[in-house]
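A.B. asks:
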């Protein structure tokens, strides 16, 4: 059933009738509609000449996806380290609950982290960090603490600083992180 007559007009591909609600309308019964203006691509106001080379464009997106994957891996290993250090087991169900995702999502990510050499699992037991995983968790935690402390020094509330630091910590450069540390060392 078509909800939108324009959608129906475009996607019936010349069939004699199309459905509008519970009524079949013939071509002569369809309301008159103006044809959409011709545009390049998806109607973008950016001329094609302003777009970068396709390979260069794709490289930017590849780097973004890789940065997102790395940030996700850091979140997982940092959480696993936090659970272990708090005296709890890092079980798949606990990781899923704390990250707000489904257990199958956690299972897939743990498989990836294991393939990357950051975690290992024993059957019917919790998840454990390898040495590389512990190192990544420590670096991630240190970045998080620095960013959070810097935000707090600017007067950001504790809750907001904690949440914002979670996003910023993965994208802050080493130079910026050093600047944060210097500002904190000077007293704010």
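Residue numbers (this note's numbering): 1 to 188. Glycine included, every Cβ here is placed at the ideal spot set by N, Cα and C.
1) If I measure Cβ to Cβ from residue 160 and keep anything under 8 Å in the same chain, skipping five residues before and after, which residues do I get?
2) Span of the beta strand (DSSP E) holding residue 208?
3) Find out if the Cβ-Cβ distance for the pair residue 90, residue 80 is shorter than 9 Å.
4) Please give the ranges of any beta strand (DSSP E) in the region 92-145, keeping only runs that are unbroken, at least 3 residues long and fully inside the region.
5) Between residue 152 and the ligand GDP, is there a pair consisting of the residue's CB and a ligand heavy atom that are separated by less than 8 Å?
6) Helix, strand or coil for residue 163 per DSSP?
7) What did DSSP end up calling residue 178 once you bin it into helix, strand or coil?
8) Expressed to the nearest angstrom, what Euclidean distance is found between the alpha-carbon atoms of residue 139 and residue 130?
9) Are the region 109-118 and the region 68-85 touching by the rule of at least three beta carbon pairs closer than 8 Å?
10) May I have the straight-line CA-CA distance separating residue 157 from residue 127, to the nearest angstrom?
11) Among residues of its own chain, excluding the 5 on either side of residue 117, which ones have a beta-carbon nearer than 7 Å to its beta-carbon?
12) Quick one: Cα of residue 120 to Cα of residue 106, how far?
13) Could you tell me the distance, in whole angstroms, from the CA atom of residue 103 to the CA atom of residue 135?
14) Can you check whether the C-beta of residue 98 is within less than 9 Å of a C-beta belonging to chain B?
15) Taking the straight line between their C-alpha atoms, what separation do you get for residue 124 and residue 92?
16) At which residues does the alpha helix (DSSP H) containing residue 87 begin and terminate?
C.D. replies: In short, the structure shows the following:
1) Here the question's residue 160 lines up with position 160 in the chain shown. Only 151 meet the Cβ criterion.
2) Since the first residue of the chain shown is 1 and the last is 188, residue 208 is not available in this structure.
3) Your numbering for residue 90 matches position 90 in the chain shown. Your numbering for residue 80 matches position 80 in the chain shown. The answer is yes: Cβ separation under 9 Å.
4) 119-121 and 127-129
5) Of the ligands one can find in the structure shown there are none, so the ligand GDP has no counterpart to examine.
6) Here residue 163 refers to the residue found at position 163 when the chain shown is read from its first residue. Looking at residue 163 - three-state DSSP - the assignment turns out to be helix.
7) Numbered from 1 along the chain shown, position 178 holds the residue referred to as residue 178. If DSSP states are grouped into helix, strand and coil, residue 178 belongs with the helices.
8) Taking the first residue of the chain shown as position 1, residue 139 is located at position 139. Taking the first residue of the chain shown as position 1, residue 130 is located at position 130. For residue 139 and residue 130, the distance between alpha carbons rounds to 14 Å.
9) yes
10) Taking the first residue of the chain shown as position 1, residue 157 is located at position 157. Taking the first residue of the chain shown as position 1, residue 127 is located at position 127. Cα-Cα distance, rounded: 33 Å.
11) By one-based count along the chain shown, residue 117 stands at place 117. These residues qualify, in order along the chain: 130 and 132.
12) Along the chain shown, read from residue 1 onward, the residue named residue 120 stands at position 120. Along the chain shown, read from residue 1 onward, the residue named residue 106 stands at position 106. Cα to Cα, the separation comes out at about 14 Å.
13) The residue you call residue 103 lines up with position 103 of the chain shown. The residue you call residue 135 lines up with position 135 of the chain shown. About 25 Å.
14) Among the protein chains of the structure shown there is no chain B, as only one such chain exists.
15) Residue mapping note: residue 124 aligns to position 124 of the chain shown, counting from 1. Residue mapping note: residue 92 aligns to position 92 of the chain shown, counting from 1. Near 10 Å, if we compare the C-alpha coordinates of residue 92 and residue 124.
16) Here residue 87 is taken as the residue at index 87 of the chain shown, counted from 1. Residue 87 -> no alpha helix (DSSP H), and no H or E assigned at all.
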